[in-house]
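There are 2 protein chains.
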Amino acid sequence: MEVELIIKSTWIVPVVPRATVLRDYAIIIHEKKILRILPQQEALDQYSARHIVQLDEHVLIPGLINSHCHASMALLRGAADDLPLHEWLQNRIWPLEQEFISRKFVVDGAELAIAEMIASGTTCFADMYFFPDEVAKTAISANMRVQLASPILDFPSVWAANADEYILKATQTHDQYRNSDLVSTAFGPHSLYTVSDDPLRKIRILADELDIPIHVHIHETKTEIQDSIKSFGISPLMRLKNLGLLTPRLVSVHCTHLMDHDIELLSAQGANVVHCPNSNMKLASGICNVSKLVHHGVNVALGTDGAASNNRLDMFGEMRAATLLAKVSTEDATSLPAYVALEMATIQGAKALGLEEKIGSLEPGKFADVVAVSLNDFNTLPINDPISHLVYGANSSQVSNVWIGGKSVMRHGDLLTLEKTKIINSALSWQEKIEKSESLA
Amino acid sequence: MEVELIIKSTWIVPVVPRATVLRDYAIIIHEKKILRILPQQEALDQYSARHIVQLDEHVLIPGLINSHCHASMALLRGAADDLPLHEWLQNRIWPLEQEFISRKFVVDGAELAIAEMIASGTTCFADMYFFPDEVAKTAISANMRVQLASPILDFPSVWAANADEYILKATQTHDQYRNSDLVSTAFGPHSLYTVSDDPLRKIRILADELDIPIHVHIHETKTEIQDSIKSFGISPLMRLKNLGLLTPRLVSVHCTHLMDHDIELLSAQGANVVHCPNSNMKLASGICNVSKLVHHGVNVALGTDGAASNNRLDMFGEMRAATLLAKVSTEDATSLPAYVALEMATIQGAKALGLEEKIGSLEPGKFADVVAVSLNDFNTLPINDPISHLVYGANSSQVSNVWIGGKSVMRHGDLLTLEKTKIINSALSWQEKIEKSESLA
């Protein structure tokens, strides 16, 4: 049979089955999807292809999934460091956003972010930011997969005037991309301290009707939890439960400072968690007890959050931070072994975004979102354990080739769907504007 | 005046003065040392040079100093993951070392480690391992700066039969390199549970005579501290004090689980600490309270430890881990700001190794150990803050040029004093041996 693409690689880590390393296998790709994965000799016997890619020193993995991001904030990278969350938001980020957010800011920021993400092996990201329609267009142009968690707030912004308008726009965005392969949608109410109960109830009903996820920042800081208990007598997670939002549709971002009963709640209700270790550490927000969540069967994915509180959009760095933080915070070096960290950055992310039939592992029938990582570098030699190296050894700069939906978007380190020079010049131009900003005075 | 080299760079972060970013300056280098740092136009007016290097999108920093390493363990990278320290040592590392350590293992491992370090901007490392003479030769051949913390143990190994022989060899190593620019020496008693009091007292006397540091693993785990209290009634740090070893000559590696009185002791005695955040997290050893140590005026440097418990030898990763861990563990996002993390990886390391007159900052009279980092990559754009980007944004792969003692050892990503292909082949050859090892069964 003639197919579009065969990728032959010394190692393949499909993620499903778990902790498996296939040696000298090939992936058969046709019409955007993975057809089969089989030993290289059988592949060549049974298939011919328009393109055959031979990767001798590489490991193929599923494209990494960044389950929580504010992509366009890449332009604010380095503009607000060494500050706690509430000061960071109120004294730096919100004033800067007030000054600069526009369609152009969002497009340019999203392009920069997508470039960084593809270059570091991310093939799908969940974005919660203004002008999601621009983010969608930018992603499609780059052949990047995105889940738009359309923002909802009580207060007005450049995007909408009130909660109802945010919700209306979210449903319109959903309609617009209902049949898209690359773009999926979700509701993205910011948090329980920025969105009141009525809009949240509406979102619950609409999410069920449209069958899409709901992303929310929840239990990000001790202050948030204490304020909730002071004002409502219960934790934010319990408020979510009472609103009927704690369901398998929920993507609970952050979840630090969880008590045992919070973990049991998440587990019983089948909600998803997105862990953002670097952001949580940088803002001193707290630690998400990932080991315990995983032990209780909760689906935990990984996310970078925005580049202004990380400051990278690098899922390799997120995997590494997640496992190291888990080990030291539980005082257990067996916590979150490498293959689990890799699952969190792939199949668990797919589950959280409701896309586990389509992405998250290298399996027949799924989209061919494939990343090749060269192991032929000093820091991943000797190749004593490819999965270990992906998490504990590899540098994201070792990502050499990326395919999304079977289309090559990076080859030997060169981006094919984005113009590097244009993105750099655009970033430098924004740098000049930001330097002069009074918000940084 | 005619000099050997002028490096012109858009940004220079000299580390001393602290938190300073020089714009459009140049470094004048002559006879291995920094002569001056001054604005580019004045540099060109006053000096001519055999070589002029123009770096337009780069920041120059002092070469990073890895203050604690077991370089040759790079060959064991990925051979022993997700295990706590004592099991890791006893069930994997010691059996593997028993099987494989030889002069060839040490040479090949050290070469691999030095290649990874230079490529990621490290220009000086402190090594504690067997056959330090081979490590020295390998480092000199690569033009890499090294402090040999010659190992001392109570029990025999390939290197020596008993404590006295270890100590004798350490003094011989010191004599051999007494006049070397690149190689400095120290005593490296492994720990208080592997070296008894008599040898420790001898080391103290000899270190004073030879005026060299003493590196020791100390307070690495709770178990070590509890055992010391059980057996001796006092903590390991207090034992060190009673032995007269808690002095400015001491390089105390790890220092997790410090009580307030431990911190006061370190501060009062002027001892140095080397913090190894990634290793401490990976082995779930504990957290070193760096913020408190720094607040009490203790000199705290950074180290990667060996690649088998990290698994990288990347000081950018160490800086990032140090600051993020400090912020979340103290619940204070202002802990260890970026410029302090950078100091820990440079000038504080130089102080710990007793080399602060020679390296650790870009200042006239010091060795020209200089690293250029390209900021023209997606993850460090916009360039809102170069120092922030070095710690929170940069990927070590952005290191483009490295000079050690004014000699170019890496140019545009290519190593000049090491043969990449030979190192890779050697690593792959060791990989085959390790794969077949019964120690991994």
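Protein chains in written order, with the working numbering: chain U, 115 to 555; chain C, 115 to 555. All C-beta atoms in this analysis are idealised placements derived from N, C-alpha and C, irrespective of residue type, glycine included.
I need the straight-line Cα distance from residue i to residue j, nearest angstrom please.
i, j, result
"C/Ser-255", "U/Leu-351", "60 Å"
"U/Asp-222", "U/Asn-515", "24 Å"
"U/Ala-452", "C/Gly-358", "43 Å"
"C/Arg-137", "C/Glu-171", "11 Å"
"U/Leu-427", "U/His-184", "10 Å"
"C/Val-487", "C/Glu-230", "15 Å"
"C/Asp-374", "C/His-182", "24 Å"
"C/Phe-244", "C/Ser-264", "8 Å"
"U/His-333", "C/Phe-219", "50 Å"
"C/Ile-207", "U/Leu-532", "46 Å"
"C/Leu-439", "U/Lys-480", "38 Å"
"U/Leu-169", "U/Asp-196", "42 Å"
"C/His-165", "C/Leu-119", "5 Å"
"U/Gln-154", "C/Ala-466", "53 Å"
"U/Glu-225", "C/Asn-493", "12 Å"
"U/Thr-299", "U/Arg-292", "8 Å"
"U/Val-412", "U/Glu-477", "23 Å"
"U/Asp-278", "U/Pro-313", "7 Å"
"C/Trp-202", "C/Leu-495", "40 Å"
"C/Pro-500", "U/Gln-383", "45 Å"
"U/Ser-345", "U/Gln-204", "21 Å"
Can you tell me the Cβ-Cβ gap for residue i and residue j, rounded? I've got them flagged as a contact below 8 Å.
i, j, result
"U/His-329", "U/Ser-305", "U/His-329 to U/Ser-305, Cβ: 11 Å. No contact."
"U/Lys-147", "U/Gly-520", "7 Å"
"C/Leu-190", "C/Ala-482", "Incorrect: roughly 34 Å between the Cβ atoms, too far for contact."
"U/Glu-213", "U/Ser-551", "6 Å"
"U/Met-429", "U/Thr-236", "5 Å"
"C/Asn-509", "U/Ser-510", "7 Å"
"U/Ala-233", "U/Ala-188", "Contact doesn't hold; Cβ gap of about 12 Å is too wide."
"U/Ala-447", "C/Pro-198", "4 Å"
"C/Val-442", "U/Asn-394", "7 Å"
"U/Leu-320", "U/Thr-285", "6 Å"
"U/Val-297", "U/Ala-250", "5 Å"
Enumerate in chain order the residues of its own chain whose CB-to-CB distance from residue i is below 6 Å, with the five nearest sequence positions on each side excluded.
i, result
"U/Ala-385", "Leu-360, Leu-364, Ser-366"
"C/Gly-468", "Pro-327"
"U/Asn-55", "A query on residue 55 of chain U cannot be resolved here, the shown segment of chain U reaching from 115 to 555 and no further."
"C/Leu-174", "Ser-123, Ile-126, Val-484, Ala-486"
"U/Ala-88", "Here chain U covers residues 115 to 555 and nothing more, so residue 88 of chain U does not appear."
"U/Trp-273", "Phe-244"
"C/Leu-178", "Gly-235, Thr-236, Met-429, Ala-459"
"C/Ser-381", "His-410, Gly-411, Val-412"
"U/Gly-140", "The question names Gly, yet the displayed sequence has Ala at residue 140 of chain U. So the list reads Ile-120, Lys-122, Gln-154, Ala-157, once near-sequence residues are dropped."
Let me check one thing: in DSSP terms, what residues is residue i bridge-paired to?
i, result
"U/Trp-125", "U/Arg-137, U/Val-173"
"U/Glu-116", "U/Ser-162"
"C/Cys-238", "C/Ile-179, C/Arg-259"
"C/Met-524", "C/Val-516, C/Leu-529"
"U/Ala-300", "U/Ala-263"
"C/Ile-151", "C/Ile-141"
"C/Asn-413", "C/Asn-386"
"C/Ile-207", "Paired residue(s): none; C/Ile-207 is not in a bridge."
"C/Leu-364", "C/Ile-328"
"C/Gln-168", "C/Lys-122"
"U/Ala-486", "U/Leu-174, U/Asn-515"
"U/Phe-481", "U/Lys-147"
Looking only at its chain, what residues have a beta carbon closer than 7 Å to the beta carbon of residue i, apart from the 5 residues adjacent to it on each side?
i, result
"U/Ala-436", "His-389, Pro-391, Val-404, Leu-416, Leu-450, Ala-455, Met-458"
"C/Ile-317", "Ile-266, Ile-281, Phe-301, Pro-303, Ile-328"
So with CB distances below 7 Å, who are the chain B contacts of residue i?
i, result
"C/Pro-496", "Of the protein chains in the structure, U and C, none is chain B."
Excluding five sequence neighbours on each side, which residues of the same chain lie with their C-beta closer than 8 Å to the C-beta of residue i?
i, result
"U/Thr-134", "Val-127, Pro-128"
"U/Leu-530", "Ser-522, Val-523, Met-524"
"C/Ser-502", "Ala-452"
"C/Ile-461", "Val-129, Val-130, Pro-176, Glu-470, Gly-474, Ser-475"
"U/Ile-548", "Leu-189, Leu-190, Ala-193, Leu-210, Phe-214, Leu-554"
Contact set between the region 220-254 of chain C and chain U, restricted to residues whose Cβ is under 7 Å from the partner = Only those residues of the region 220-254 of chain C whose C-beta falls short of 7 Å from the nearest C-beta of chain U are listed: Leu-226, Ala-229, Glu-230, Ala-233.
Contact set between the region 389-403 of chain U and chain C, restricted to residues whose Cβ is under 9 Å from the partner = Residues Pro-391, Asn-392, Asn-394, Met-395, Lys-396, Leu-397, Ala-398, Ser-399, Gly-400, Ile-401.
message = Please identify, using Cβ separations under 9 Å, the residues of the region 450-467 of chain U that lie next to chain C, in order along the chain.
response = Those would be Leu-450, Pro-451, Ala-452, in chain order.
key: Against chain C: residues of the region 505-529 of chain U by CB proximity under 7 Å   = The region 505-529 of chain U vs chain C, Cβ under 7 Å: Tyr-506, Gly-507, Asn-509, Ser-510, Ser-511.
message = Against chain C, which members of the region 190-212 of chain U pass a CB distance test of less than 7 Å?
response = So the list reads Arg-191, Gly-192, Ala-193, Asp-195, Asp-196, Leu-197, Pro-198, given in the order they occur along the chain.
ask   = Can you list, in chain order, the residues of the region 471-499 of chain U whose Cβ is nearer than 9 Å to any Cβ on chain C?
value = Answer set for the region 471-499 of chain U: Asn-490, Asp-491, Phe-492, Asn-493, Thr-494, Leu-495, Pro-496, Ile-497, Asn-498, Asp-499.
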